[in-house]
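Reviewing the structure listed below.
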Amino acid sequence: MLQQKIPFYKIRGFGLKMNATIDFIRQNVKSLFLSLSLVAAPVAVVVVIFAILIFKGFTGVGLESLQPGSEVFFILLGGSYLGIILISLLIFALIYSVVFSLMDFYDAQYPNTFLSGEIVNGSFNSFLSIFVLLLLGSLLTIAGFVLLIIPGIYILITLTIAPAVLHFEKKNVLQAIKRSFELIRNNWWSTFALLIVTSILQSVVAALFMIPFYVVYFIFMVTVITAQEQGSDIMDHTGTLLAMAIGLGFFIYGSYLTRAITITGMTFQYFHLVEKKESKGLISEIESL
0 MLQQKIPFYK IRGFGLKMNA TIDFIRQNVK SLFLSLSLVA APVAVVVVIF AILIFKGFTG
60 VGLESLQPGS EVFFILLGGS YLGIILISLL IFALIYSVVF SLMDFYDAQY PNTFLSGEIV
120 NGSFNSFLSI FVLLLLGSLL TIAGFVLLII PGIYILITLT IAPAVLHFEK KNVLQAIKRS
180 FELIRNNWWS TFALLIVTSI LQSVVAALFM IPFYVVYFIF MVTVITAQEQ GSDIMDHTGT
240 LLAMAIGLGF FIYGSYLTRA ITITGMTFQY FHLVEKKESK GLISEIESL
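Residues in the sequence shown are numbered consecutively from 0, following numbering that gives the first Met the number 0.
The following block contains the structure:
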């Protein structure tokens with residue numbers, strides 16, 4: 000049975016926004032999974048490599064060199080984690096772009112099918128701009144937290160709809176940030192509530208990907224304790240370390256995939272705010288008559 004197409008620009012209460020988020024993901028679960036896997040899986044491997052480098056760095060130098068404040072400590076900790084942060088922003092920008100590209104194809108072609116390769120190719124149209132937006136947004140949020148905690152929280156919630164503004168309204172980065180503050184005015188609390196609930200849903204689903212990781216982590220800790228008792232080097236247990244890396248990679252891969260839940264929810268919040276303030280969907284329906 001063909002499912003009804005979900006209208007984007009529509010005023011929705013909290014429950015209807017959650018329903019729209021879940022229904023959209025359910026209708027497009029195959030396309031979304033394959034498209035996100037094409038970008039998330041390779042990046043998860045890269046993040047695991049960084050994690051391994053961190054581990055090898057901390058186990059490959061003397062403990063006296065790893066005291067807080069030492070040069071080696073800051074090189075290993077700062078350099079590796081800076082790389083992970085930049086890669087995380089890149090993958091978040093990719094996930095945003097893939098979700099938005101899927102929405103573009105869905106709006107234009109539903110109920111016709113669309114290939115995951117087409118979705119990924121379409122995602123590169125706004126990828127770089129979204130990455131710059133996320134980077135600038137992170138700096139603004141950090142500045143807000145440094146000044147006072149409350150401004151940081153306000154900026155953080157407000158900018159959750161900025162990527163949707165940038166993509167669907169073809170704004171540049173600064174215009175998208177300004178537009179987000181305009182749309183969020185008098186709607187901050189509803190946006191905050193939707194973000195909290197979709198984040199909880201995302202965490203619950205992501206927890207399924209954590210199970211293999213914690214199983215391997217338990218085995219890893221047992222191996223560490225055994226190695227310490229026997230006086231052997233943990234780095235000799237290559238198989239255990241490899242399994243640990245695979246478990247970590249699967250967990251990171253799952254966390255990337257499930258982030259689409261929150262992104263989809265906040266995008267429907269954006270559609271709701273635009274319709275509430277400007278009646279874009281209603282005007283479009285009238286013009287099509």
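Every residue, glycine too, gets a C-beta built ideally from N, C-alpha and C.
The DSSP-derived three-state label of K276 is helix. Inter-residue distance for T222 and T20 is about 43 Å (C-alpha atoms, whole angstroms). In the three-state scheme derived from DSSP, where H, G and I count as helix and E and B as strand, R258 is classed as helix.
In the pairwise beta carbon analysis, the segment 145-159 is classified as not touching the segment 110-120: fewer than three pairs are separated by under 8 Å. By the CB criterion at 7 Å, G280 and Y105 fall outside the cutoff. If you look at T140, you'll find it in the alpha helix (DSSP H) that goes F126 to L146.
Put simply, the backbone Cα of N124 is about 21 Å away from that of A40.
When Cβ pairs closer than 8 Å are counted between the two stretches, the segment 119-135 is seen to touch the segment 92-101, the count reaching three or more. Looking only at S278, A205, T140 and L88, the smallest Cα-Cα distance to L182 is reached by S278. Here Q268 really is in contact with K16; their C-beta atoms are around 6 Å apart, less than 8 Å. Rounded to the nearest angstrom, the gap between the Cα atoms of T263 and W188 is 18 Å. Only buried fits T261, as 16 or more other CB atoms lie within 10 angstroms of its CB. Collapsing the DSSP output to three states places Y153 in a helix. With fewer than three CB-CB distances shorter than 8 Å, the segment 166-184 does not count as touching the segment 192-200. Rounded to the nearest whole angstrom, the CA to CA distance from L256 to F99 is 14 Å.
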